[in-house]
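Visitor:
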Amino acid sequence: MAHVRETIKLLSKILLQNGTIEISPEMFRQAKFNKKEAAPVLWKLMFQLVYFCNFGIIDESAVKAETELTQEERCVYVKQELQKWGYLLPDFACLSPDGNTGSRELLLALAWLICKEDIMEKFMNNCTSPIEYDSDLLFEEEMKFMPSVKKCDIKEPSCKVQKLLMLNGKLQLNLRRLYSLQIQDINLSHKVHESTKGVSMTSYRNHLTPMEVRLLRYPAHLKKMLHLLEKDNERIQNLLLWKDQEHIFWHWMESVLELKLSEEDTSTSYRSIPVYLNLPSDCNEKINSTRQHLVETILQYEDIIDQLENLWTRKHEDISEQDLDNLLTSINMEIALQRANLSLSATETMLKPPKQTRFILQDKTKKTAARQSKHLAPAFSIGQGDGQSVDINVAIVDIERRIENLEHDLLVDQGICKTEVENLASKIPDTICIPPLAFKRRF
Numbered sequence: 001m002a003h004v005r006e007t008i009k010l011l012s013k014i015l016l017q018n019g020t021i022e023i024s025p026e027m028f029r030q031a032k033f034n035k036k037e038a039a040p041v042l043w044k045l046m047f048q049l050v051y052f053c054n055f056g057i058i059d060e061s062a063v064k065a066e067t068e069l070t071q072e073e074r075c076v077y078v079k080q081e082l083q084k085w086g087y088l089l090p091d092f093a094c095l096s097p098d099g100n101t102g103s104r105e106l107l108l109a110l111a112w113l114i115c116k117e118d119i120m121e122k123f124m125n126n127c128t129s130p131i132e133y134d135s136d137l138l139f140e141e142e143m144k145f146m147p148s149v150k151k152c153d154i155k156e157p158s159c160k161v162q163k164l165l166m167l168n169g170k171l172q173l174n175l176r177r178l179y180s181l182q183i184q185d186i187n188l189s190h191k192v193h194e195s196t197k198g199v200s201m202t203s204y205r206n207h208l209t210p211m212e213v214r215l216l217r218y219p220a221h222l223k224k225m226l227h228l229l230e231k232d233n234e235r236i237q238n239l240l241l242w243k244d245q246e247h248i249f250w251h252w253m254e255s256v257l258e259l260k261l262s263e264e265d266t267s268t269s270y271r272s273i274p275v276y277l278n279l280p281s282d283c284n285e286k287i288n289s290t291r292q293h294l295v296e297t298i299l300q301y302e303d304i305i306d307q308l309e310n311l312w313t314r315k316h317e318d319i320s321e322q323d324l325d326n327l328l329t330s331i332n333m334e335i336a337l338q339r340a341n342l343s344l345s346a347t348e349t350m351l352k353p354p355k356q357t358r359f360i361l362q363d364k365t366k367k368t369a370a371r372q373s374k375h376l377a378p379a380f381s382i383g384q385g386d387g388q389s390v391d392i393n394v395a396i397v398d399i400e401r402r403i404e405n406l407e408h409d410l411l412v413d414q415g416i417c418k419t420e421v422e423n424l425a426s427k428i429p430d431t432i433c434i435p436p437l438a439f440k441r442r443f
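Position 26 (the sequence shown) corresponds to 26 in my numbering; numbering is contiguous.
1. In chain order, what residues of the same chain lie with their CB nearer than 6 Å to the CB of ILE305, ignoring the 5 residues before and after it?
2. By Cβ distance, which residues of its chain are closer than 6 Å to TYR433, with the 5 residues on each side in sequence left out?
3. Check GLY383 in the structure and name its three-state DSSP category.
4. According to DSSP, is THR391 helix, strand or coil?
5. When the Cα of LEU472 is compared with those of LEU45, GLU254, LYS223, which residue comes out closest?
6. Using DSSP with H/G/I as helix, E/B as strand and the rest coil, what is THR368?
7. Closest by CA to TYR276, which one among SER255, TRP252, ASP244, LYS84?
8. Pair every Cβ in the region 27 to 41 with every Cβ in the region 98 to 112, then say whether three or more of these pairs are closer than 8 Å.
9. Should MET333 go down as buried or exposed, given a rule of 16 or more other Cβ atoms within 10 Å for buried?
10. Kindly indicate which three-state DSSP category ILE305 falls into: helix, strand or coil?
11. Is the region 116 to 130 in contact with the region 46 to 66, if contact means three or more CB pairs nearer than 8 Å?
12. Taking the alpha helix (DSSP H) that TYR474 falls in, what are its first and last residues?
13. Which whole runs of the alpha helix (DSSP H) in the region 146 to 205 are 4 residues long or more, in chain order?
14. Between which two residues does the alpha helix (DSSP H) holding TYR77 run?
15. HIS207 by DSSP, collapsed to three states: which one?
16. Any idea what DSSP makes of MET220, helix, strand or coil?
17. Are there 16 or more other CB atoms within 10 angstroms of the CB of MET201, so buried, or fewer, so exposed?
18. With 16 other CB atoms within 10 Å as the buried threshold, where does LEU229 fall?
19. What's the gap between the Cα of GLU321 and the Cα of PRO90?
20. Alpha carbons only, please: which of PHE92, ASN100, LEU113, THR209 is nearest the one belonging to GLN71?
21. Measuring CB to CB, does THR7 end up less than 7 Å from GLN245?
22. Closer than 7 Å by C-beta to VAL76: which residues in its own chain qualify, once you throw out the five before and the five after it? Chain order, please.
23. Residues in the same chain with beta-carbon distance under 8 Å from ALA93, minus the five sequence neighbours each way, listed in chain order, please.
24. VAL41 and ILE23 - do their beta-carbons sit closer together than 7 Å?
25. Roughly how many angstroms lie between the CA atoms of LEU327 and GLU309, to the nearest whole one?
26. Around the C-beta of ILE428, are 16 or more other C-beta atoms found within 10 angstroms, so that it is buried, or is it exposed?
27. If I'm right that ILE58 touches THR20 with Cβ under 8 Å, what's the distance once you round it to whole angstroms?
28. Which same chain residues, not among the five before or five after PHE235, have their C-beta less than 8 Å away from its C-beta?
29. Any idea what DSSP makes of ILE114, helix, strand or coil?
30. State yes or no: is the C-beta of LEU215 within less than 7 Å of the C-beta of LEU222?
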């Protein structure tokens, strides 16, 4: 339990360092048991984190928006953004807009938001070196003399139009000035880079930046910069420590979810779930037209589907088991007939009367006579007499090949006979098929 408290304390510290309100680990514990005291704080935290996910920073604008908006407007804003990102839980959508109930639902939504939007990774990406970019803290004295914007209460429409036209003109003028100042800043930065070429504080640059030159010009600013670096290092250390301990937080969130499921009333039903998304005005019309088109399509193909089902049923009923057995028997007979034809064609050459053949022994030292025909094999020659002369070695090889073919055909026929005998024996009750001893040796 101590590890859980330390992990939640670390999470609260990380959130505070990145601009959110301060929240104690005790608030997380109270939210687990759905205490009302934790609801207002969690609503504020959710509003700030949603603002951070949308704009990447929690600045003065976030604080200003939080103070100017009412509690109901903040609740609607948070619900709308979470529904847009995919959090469609009815219990959260039905929370009261007064912000005094539903602390457990807010805690579950907070955990979902941290995981879904990868907030810790975004916090890590915001931890950049203040030396790389201009820091406002170094220019606090100069910013004090900047004119502040004063509010002016104007009620008449004509005065409002004139005020808007004046603001539009000022905006265009300021944009032109901003553009010229940006060009001037680029030129001055280029001069600084050219003047400090060869002097560098980093390994990937060969010059100084304007910020580094300013720090060298005003050494007093180094203390502020050192303070900023220490704060960034502390933020990074806490985020790295969170990476090692976040599994403890997620195990604790599993216990929160289990507690909710154990106390949940299964009989609870929602008549209507509030939807805070900005749906188009013609959404209902599109849904109804799409539904009508779907119904027409189903009715169009319903008759065809019924006809196919009836045809399948009729064909299935027409074929009986006896017909299937007869079909299998005819197929087996056809296969056996084809095998018999193949065996007869293989032995047809053996049944023909042999030609008169005379074997001769040729002298290898004697030159072979010229072949009388180009279609005769080199080992054959026409000898003396009526019969055809054949080389005895070729004849022996031919006879051995025929013997091998006959043995193979014999084994195939024996296998077929064995299968047929076993099938017949299986159909006769109390019958055992015992093959001959020679047949066993072959198989």
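Every residue gets a Cβ at the ideal spot worked out from N, C-alpha and C, and that includes glycine.
What you are looking at is a predicted structure, and each value in this text was computed from that prediction instead of being measured.
Guide: Walking through what the data contain:
1. Here the set comprises nothing.
2. Per the sequence shown, residue 433 should be read as Cys rather than Tyr. Cβ within range, chain order: VAL421, GLU422, ALA425.
3. Caution is warranted here: a pLDDT of 45 is assigned to GLY383, below 50, making its placement in the model unreliable, and the coordinate value is therefore given only provisionally. For GLY383, the three-state secondary structure derived from DSSP is coil.
4. Just to set this straight, residue 391 is Asp in the shown sequence, not Thr. DSSP places ASP391 in strand when its eight states are reduced to three.
5. Only positions 1 to 443 of the chain appear in the structure, and residue 472 is not among them; the question remains open.
6. Here THR368 scores only 46 on pLDDT, less than 50, and its place in the model is too uncertain to base an answer on.
7. In terms of Cα proximity to TYR276, the closest of SER255, TRP252, ASP244, LYS84 is LYS84.
8. Verdict: yes, contact present.
9. MET333 counts as exposed, since fewer than 16 other beta carbons sit within 10 angstroms of its beta carbon.
10. Helix.
11. Output reads yes: the region 46 to 66 touches the region 116 to 130.
12. The chain is shown from 1 up to 443; residue 474 falls before or after that span and cannot be answered.
13. Qualifying alpha helix (DSSP H) stretches, in chain order: 157 to 195.
14. Element bounds for TYR77: 71 to 85.
15. It is coil, neither helix nor strand.
16. Per the sequence shown, the amino acid found at residue 220 is Ala instead of Met. Reduced to three states, the DSSP call for ALA220 is coil.
17. MET201 is exposed by the Cβ-count criterion.
18. Result: exposed.
19. Rounded to whole angstroms, GLU321 to PRO90 spans 56 Å at the Cα level.
20. Looking from the CA of GLN71, the closest CA among PHE92, ASN100, LEU113, THR209 belongs to ASN100.
21. Result yes, Cβ atoms of THR7 and GLN245 sit closer than 7 Å.
22. Around VAL76, the same chain offers PRO97, TYR276 as residues with beta carbons nearer than 7 Å, after the five sequence neighbours per side are excluded.
23. Taken in chain order, the residues that qualify are LYS79, GLN83, ILE273, PRO274, VAL275, TYR276.
24. For ILE23 and VAL41, yes; Cβs fall inside 7 Å.
25. Going from the Cα of LEU327 to the Cα of GLU309 covers about 25 Å.
26. ILE428 sits exposed, since fewer than 16 C-beta atoms from the chains shown fall within 10 Å of its C-beta.
27. Correct: roughly 6 Å between the Cβ atoms.
28. Checking the displayed sequence, the identity of residue 235 turns out to be Arg instead of Phe. Excluding positions up to five away in sequence, the list reads ILE14, GLN17, ASN18, PHE123, CYS127.
29. Of the three classes helix, strand and coil, the one that applies to ILE114 here is helix, per DSSP.
30. In this structure, LEU222 lies closer than 7 Å to LEU215 by Cβ.
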